[in-house]
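Structure first, then comments.
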Amino acid sequence: MKRISVLICGLILSAVSWAHGDEDHGTAPHPEPVLQAGASAESASSDFEVLATMQGEQLTIYLNRYADNRPVSEAQLEVESGAFKAKLKPVASGVYQVSAAPLAKVGEHALAITVLAGEQADLLDASLSVASSAESLAAASAATEYKNWIWGAGAAALLLLAGVYVRRRGGNQA
Numbered sequence: 164m165k166r167i168s169v170l171i172c173g174l175i176l177s178a179v180s181w182a183h184g185d186e187d188h189g190t191a192p193h194p195e196p197v198l199q200a201g202a203s204a205e206s207a208s209s210d211f212e213v214l215a216t217m218q219g220e221q222l223t224i225y226l227n228r229y230a231d232n233r234p235v236s237e238a239q240l241e242v243e244s245g246a247f248k249a250k251l252k253p254v255a256s257g258v259y260q261v262s263a264a265p266l267a268k269v270g271e272h273a274l275a276i277t278v279l280a281g282e283q284a285d286l287l288d289a290s291l292s293v294a295s296s297a298e299s300l301a302a303a304s305a306a307t308e309y310k311n312w313i314w315g316a317g318a319a320a321l322l323l324l325a326g327v328y329v330r331r332r333g334g335n336q337a
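In my numbering, the protein residues as written are 164 to 337.
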C-alpha cells in the first residue's frame, strides 16, 4: 500500500519535469520565427512564400520555396509600405532583416515585398498588423493563464484518481 502511494506521488511530482518540444537550450540562436501577437504577416505565390515579423523596430522576413518549403538563400528582397522602402540583408539561410521603425507603429501596414532569386522574380502583398504593447502583453498573459489552468486541472484529476485508488485499495484490505 505504501509503495503504491509513493509511486503515485512520484508520478504526480515528476509530471512537471516532462520534456516539452524539441527546442535547443544552447546558446545558438533559433532560426524559427518568434512570433508576437499581432506583429506578423504572411503571403504566398506559386513560387515563394514569406512570413514577415516585427521585433521592436526590426523587420524579419522568412523566405521559402512554395513547392517544398526550402529556405531561399542569396535572394534580393525589397519591402515597401507607403513612403517606407528598404532592401533587406540576409542574416541566415532564408532569413532577411532590415530596420523598419515606421512599421513598428501600431496599426495595419500594407507591405509590397519584391523577391529576386536567381532567374525568378515575384511581388508579394501582405498586411502587417502591429498591436500595441498592452494588447501583446494581454494576449501572452491569457495564453499563460490558460496553460496554467490546464496544468492545474490535470494535477487535480491525478490527485483525485490517486485518492480513489488508495481508498479502494484500503477498503479491500479491511
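The beta-carbon is built from N, C-alpha and C at its ideal position, and this holds for glycine as well.
Handout entry: Rounded straight-line distance, which links the Cα of Ala294 to that of Ala200
Key = Reliability fails at Ala200, whose pLDDT of 44 lies under 50, so the model's placement of it is uncertain and the value that follows must be treated cautiously. Roughly 7 Å between the two C-alpha positions.
Practice task
For Ala263, count neighbouring C-beta atoms within 10 Å of its own C-beta (all shown protein chains included) and say buried if the count is 16 or more, exposed if not.
Solution key: buried
Practice task
Whole angstroms is fine: what's the gap from Glu220's alpha carbon to Val261's?
Solution key: 9 Å
Problem - Runs of beta strand (DSSP E) lying entirely within the segment 218-263, each at least 3 residues, in chain order - result: 221-228, 239-244, 247-250, 252-255 and 258-262
Problem - Whole-angstrom distance between Leu287 and Glu271, CA atom to CA atom - result: 16 Å
Handout entry: CB contact flag (Leu226, Val235, <7 Å)
Key = yes
Handout entry: Simplified DSSP state of Ala202, which is helix, strand or coil
Key = coil
Exercise for the section: Using three-state DSSP, classify Val327 as helix, strand or coil. Expected result: helix
Exercise for the section: Could you say which of Lys252, Val278 and Ser256 lies nearest to Ala207 if we only look at CA atoms? Expected result: Ranked by Cα distance from Ala207, the first of Lys252, Val278 and Ser256 is Val278.
Problem - Assigned exposure category for Thr216 - 16 Cβ within 10 Å defines buried - result: buried
Problem - Rounded separation between Val213 and Trp312 - CA only - result: 35 Å
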